[in-house]
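Trainee: Got a structure for you, written out below as structure tokens; questions coming shortly.
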Amino acid sequence: MDTLTSMLAGLIVFGVIGHLAHVTNAPDLSKVVRGGGGLAFITYPDAIAKFTFWPQFFAVAFFLMLFVLGIGSIVGMATTIMTVIRDRFPHLKPSLVAIGIAIAGFGIGIIYTTSGGQFLLDFLDFYGASFVALVLAVFEIVTFSWIYGVGRLCRDIEFMLGIRTGLYWRICWGFVTPIMLIAILIYHIVTYEAFTSNGYAFSNGMYAFGWCVFAAGVLQLPAWAVYAVLKRKETNWKERISSCFRPTYDWGPEDTELNVKYRESVEKHEQTQALKRNLFRKIYDNVFH
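Rendered as structure tokens:
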């Protein structure tokens, strides 16, 4: 459904942009298209205004769609923050946590309503969201697919739901998605240029601030990795690091009976894996079994 929605949105957006380029006799699409909020609030409404059939209806429907989309995005992000806070402080009331997040978000959002808010929004979106999310996504998919293992993840799904994961999903999780994300990250690094917003170049101080924002997000990975290693009780540093790449012994269902069954299934599989010395055989078994 997400794929079909993305394809439909792409057909509509680029159809509208192509029509505007034709009407204005623009030599290429870059002359009429605007990135970020400009596409949603300038380019697309301008095209809707040229409709000959019920332009007011489609304008209302379009902005209503944006409103619903924004609410959906906010709910997803706020729920994530609420879950983290509630896991750490379970005694807090969900309503109070939600109100606190709403007030904090409102206060931060006021900055973007100023005269330079759009430039700041685009700037932070590039350095603090898009690029950071891509780097974290690469490490996340590598962790789940190649460290925790697609095979173990699929066995967990089968243990919980009784459904064996198909070959398509195993190949996507184990090879296609990680390789594509890594390729996209490399492409972004190779083709990187200093960020500009609608032709406006920021000062060197702002670029330094942007990289600090980027570092604050990405350096969470090595910082918490060092913390996890130091927290281990093994005396040998090699064993400490190695143990950080394995699930803890108490990893599993909270229910005692289910935890015992889960532990037995994991130990049985690990004994089978220990007999396979060939690296490629282990990789094959990790993805396809």
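Residue numbers are given in numbering that gives the first Met the number 0: position 202 of the sequence shown equals residue 201, and the series is strictly consecutive. Even glycine gets a Cβ: it sits at the ideal position worked out from N, Cα and C.
Just checking my contact of glycine 104 with isoleucine 110 at CB under 8 Å: how many whole Å lie between their CB atoms?
Mentor: Taking the first residue of the sequence shown as position 1, residue 104 is located at position 105. Taking the first residue of the sequence shown as position 1, residue 110 is located at position 111. The Cβ separation is near 11 Å, so there is no contact.
Trainee: How is glycine 202 classed by DSSP in three states: helix, strand or coil?
Mentor: Here the question's residue 202 lines up with position 203 in the sequence shown. The residue asked about is misnamed: residue 202 is serine in this sequence, not glycine. The answer is coil: DSSP assigns serine 202 none of H, G, I, E or B.
Trainee: Would serine 144 be called buried (16 or more neighbouring beta carbons within 10 Å of its own) or exposed?
Mentor: Against the sequence shown, residue 144 aligns to sequence position 145. Buried: at least 16 other Cβ atoms inside 10 Å.
Trainee: Out of curiosity, what's the CA-to-CA distance linking phenylalanine 158 and valine 149?
Mentor: Translated into the one-based positions of the sequence shown, residue 158 becomes position 159. Translated into the one-based positions of the sequence shown, residue 149 becomes position 150. Their backbone Cα atoms lie some 14 Å apart in a straight line.
Trainee: As a quick exercise: from Ala48, Cys243, Leu10, pick the residue whose alpha carbon is nearest that of isoleucine 146.
Mentor: As a working mapping, residue 146 is identified with position 147 in the sequence shown. When only C-alpha atoms are compared, the closest one is Cys243.
Trainee: If I follow the unbroken alpha helix (DSSP H) through tyrosine 186, where does it start and stop?
Mentor: Within the sequence shown, the letter at position 187 stands for residue 186. It spans 176 to 189 - the alpha helix (DSSP H) in which tyrosine 186 sits, taken as one unbroken run.
Trainee: Pop quiz: phenylalanine 118 and glycine 209 are said to be a contact at Cβ under 8 Å. What is the actual Cβ separation, rounded to whole angstroms?
Mentor: In the sequence shown, residue 118 corresponds to position 119, counting from 1. In the sequence shown, residue 209 corresponds to position 210, counting from 1. Actually they do not touch by this definition, with Cβ atoms about 12 Å apart.
Trainee: Work out the CA separation of valine 15 and leucine 160 for me, nearest whole Å.
Mentor: Working through the sequence shown from its first residue, we reach residue 160 at position 161. Working through the sequence shown from its first residue, we reach residue 15 at position 16. Cα to Cα, leucine 160 sits roughly 44 Å from valine 15.
Trainee: Please name the residue in Pro252, Leu133, Cys171 whose C-alpha comes closest to that of tyrosine 186.
Mentor: As a first step, residue 186 must be located in the sequence shown, where it is residue number 187. When each option's Cα is compared against that of tyrosine 186, the closest is Leu133.
Trainee: Am I right that valine 131 and glycine 216 are in contact with their C-beta atoms under 8 Å? What's the rounded C-beta distance?
Mentor: By one-based count along the sequence shown, residue 131 stands at place 132. By one-based count along the sequence shown, residue 216 stands at place 217. That belief holds up - the Cβ atoms of valine 131 and glycine 216 are roughly 4 Å apart, short of 8 Å.
Trainee: Write down every uninterrupted run of the alpha helix (DSSP H) in the stretch 234 to 260 whose length is 4 residues or greater and which is fully enclosed by it, in chain order.
Mentor: With a minimum length of 4 residues, the continuous alpha helix (DSSP H) runs that stay inside the stretch 234 to 260 are 236 to 243.
Trainee: Helix, strand or coil, according to DSSP, for serine 114 in the structure here?
Mentor: Locating residue 114 in the sequence shown gives position 115, counting from the first residue. Three-state result, serine 114: coil.
Trainee: Leucine 296 to tyrosine 43, Cα distance in whole Å?
Mentor: There is simply no residue 296 to check, as the chain begins at 0 and stops at 288 in what is shown.
Trainee: Across which residues does DSSP place threonine 195 in a beta bridge pair?
Mentor: As a working note, residue 195 is residue 196 in the sequence shown. Its beta-bridge partners are Ala200.
Trainee: Look up arginine 231 in the DSSP assignment and say whether it is helix, strand or coil.
Mentor: As a working mapping, residue 231 is identified with position 232 in the sequence shown. Three-state DSSP puts arginine 231 in coil, outside helix and strand.
Trainee: Counting C-beta neighbours from all protein chains within 10 Å, is the total for glycine 9 16 or more, i.e. buried, or is it exposed?
Mentor: For the purposes of this step, residue 9 is taken as the residue at position 10 of the sequence shown. Label assigned to glycine 9: exposed.
Trainee: Going by C-alpha to C-alpha distance, which of Ala97, Arg151, Lys232, Trp53 sits closest to tyrosine 261?
Mentor: Locating residue 261 in the sequence shown gives position 262, counting from the first residue. When each option's Cα is compared against that of tyrosine 261, the closest is Arg151.
Trainee: If you draw a straight line from the alpha carbon of leucine 180 to that of threonine 113, how long is it in whole angstroms?
Mentor: Along the sequence shown, one-based indexing puts residue 180 at 181. Along the sequence shown, one-based indexing puts residue 113 at 114. The straight-line gap from Cα to Cα measures roughly 35 Å.
Trainee: What residues in its chain sit with their C-beta under 8 Å from that of alanine 224, if we drop five residues either side in the sequence?
Mentor: Mapped onto the sequence shown, residue 224 falls at position 225. So the list reads Cys243, once near-sequence residues are dropped.
Trainee: Please tell me whether leucine 68 and alanine 46 are closer than 7 Å, where the distance is taken between their beta carbons.
Mentor: As a working mapping, residue 68 is identified with position 69 in the sequence shown. As a working mapping, residue 46 is identified with position 47 in the sequence shown. Their beta carbons are not under 7 Å apart, which means leucine 68 does not touch alanine 46 by this criterion.
Trainee: Provide the residue span of the alpha helix (DSSP H) that contains phenylalanine 138, from first to last.
Mentor: The residue given as residue 138 occupies position 139 in the sequence shown. Taken as a continuous stretch (DSSP letters only), the alpha helix (DSSP H) holding phenylalanine 138 covers 130 to 141.
Trainee: Among Pro221, Phe40, Leu257, which one has its Cα closest to the Cα of valine 59?
Mentor: The residue you call residue 59 lines up with position 60 of the sequence shown. Minimum Cα distance to valine 59 is reached at Phe40.
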